[in-house]
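As C-alpha cells, then:
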C-alpha cells in the first residue's frame, strides 16, 4: 500500500539556506584578496608644493631639494611627488615664505629665518659674529642647537632641516680688503639682520637688497660689493662684478653666517598616513642637514676655484686681523644678549651654547 505521507515543508527550505552560508567564506576571501591586489596608485598620493626665494639654478635647489624629493618619491613608491616654485613663483616676498608654508600656500619652503626680523630670536645665536667655520660641522651644530634651544619658536611648523650656509664673507668690485681697516665706509649688500650688525660694527655700511638686484647694483656702483656665502657667488654671477674676496685663516670662523631652514606645513604632515610620515622623517632632520652641509662645502671650494681661475683674488685675514675684528664685534653679542633677554630668553646662555656647539670637533 502506497504511503500518502507528504514531505514536510521544512526540508526544501533547509537545503536552500545551506548555499549562501557555504558561499560566505569564499566571498569574504575573494574580497580580501582583491583588496590586497589594489595597486599602489590607488593608495593615498601626495604632491608637495616646494617654494623658495632663489632661482632654480642654485645648488641648494639642484643638489639639496631635488635629490631630497627624488629620495622621498622613490621610498614612497611614487606616492609622494614635488612641484617646485623657485624664485617666489607663488608670489610675495622672501620674508613671507614662513607664513606661506604656515598657511598652506606652500607645503614646503626653503628660507632664511632672519628674513622675518624678531620672529625667531633664539635661532639667531648661530648668526652671531665669528661662530661658524664651515657648513658641515656648522650645520650639525645648528641642528643640535635648534633641537635643544629653539624648537618652541618653530612649533607652528614641521621642521625638516635647520642648517647654515657655511659662512658669509666679503666680495668687492674695485677696492681690495687686506685689513679690517679697509672695510671702513664700504657699502655692501648684507643678507640679514645679524650680518648688517656685524658689518656696521666693522665700520661698513650695510645695504638691504634682494639677491636678484645685487649684481646689477655692484656693476653700477650703487654698492661696493656684497656680503655672502661662497656658494652663491657663481649662481648669482657675483664673480662677474667682483674681483676681490676675503676669507678667515683656514679653520677659523667667518665674520657671520646665515641660518637656513626647510619647513613643512604642519597640518599637511600630520594628515599623511604613518608610512609616508616615516618616509619624510627618514630623509629629513640630520640626514637632510648633512646633505645640505656637504653641498655647501663642496660649492664653497668650487666657487673659490672659479674665482681664482677667472683672475679674482682671495685674501686671508691674519690672526691679528681676526683678533681685531672679534674685539670690534663683541658689542654685537652684548646687544643681542640684552635684546633677547628682554623677550624672556636667557641670551647669555644661548650665545654660549651656540659657540660651544659650533666649536665642538
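In this note's numbering, the protein residues as written are 2 to 362. Ideal Cβ placement from N, Cα and C applies to all residues, glycine included. These numbers come from a predicted model, not from an experiment.
Assignment of residue 68 by DSSP, reduced to helix, strand and coil, places it in the helix class.
Cβ contact annotation for residue 85 (same chain, cutoff 6 angstroms, sequence separation greater than five): 51, in chain order.
Looking from the CA of residue 156, the closest CA among 171, 268, 354, 222 belongs to 268. Each residue's CA atom was taken as its position, placing residue 288 and residue 125 some 22 angstroms apart. Rounded to the nearest angstrom, the gap between the Cα atoms of residue 228 and residue 222 is 15 angstroms. With respect to the C-alpha of residue 321, the residue from 144, 45, 179, 87 having the closest C-alpha is 179. Under the 10 Å beta carbon count, residue 108 is surrounded by 16 or more other beta carbons and is classified as buried. Each residue's CA atom was taken as its position, placing residue 224 and residue 199 some 17 angstroms apart. Judged by pairs of C-beta atoms under 8 angstroms, the segment 249-268 touches the segment 110-125, as three or more such pairs exist. Boundaries for residue 80: no alpha helix (DSSP H) harbours it, and the DSSP string shows neither H nor E there.
In the three-state reduction of the DSSP assignment, residue 133 falls in the coil class. Annotated as distal: residue 193 and residue 146, with beta-carbon spacing of 8 angstroms or more. In the three-state scheme derived from DSSP, where H, G and I count as helix and E and B as strand, residue 206 is classed as strand. For residue 248, the uninterrupted beta strand (DSSP E) segment begins and ends at 245-248. In this structure, residue 165 lies away from residue 98, with their beta-carbon atoms at least 8 angstroms apart.
Between residue 216 and residue 238, the CB-CB gap stays under 8 angstroms.
In the three-state reduction of the DSSP assignment, residue 226 falls in the strand class. With the rule of 3 Cβ pairs closer than 8 angstroms, the segment 119-137 counts as touching the segment 317-335.
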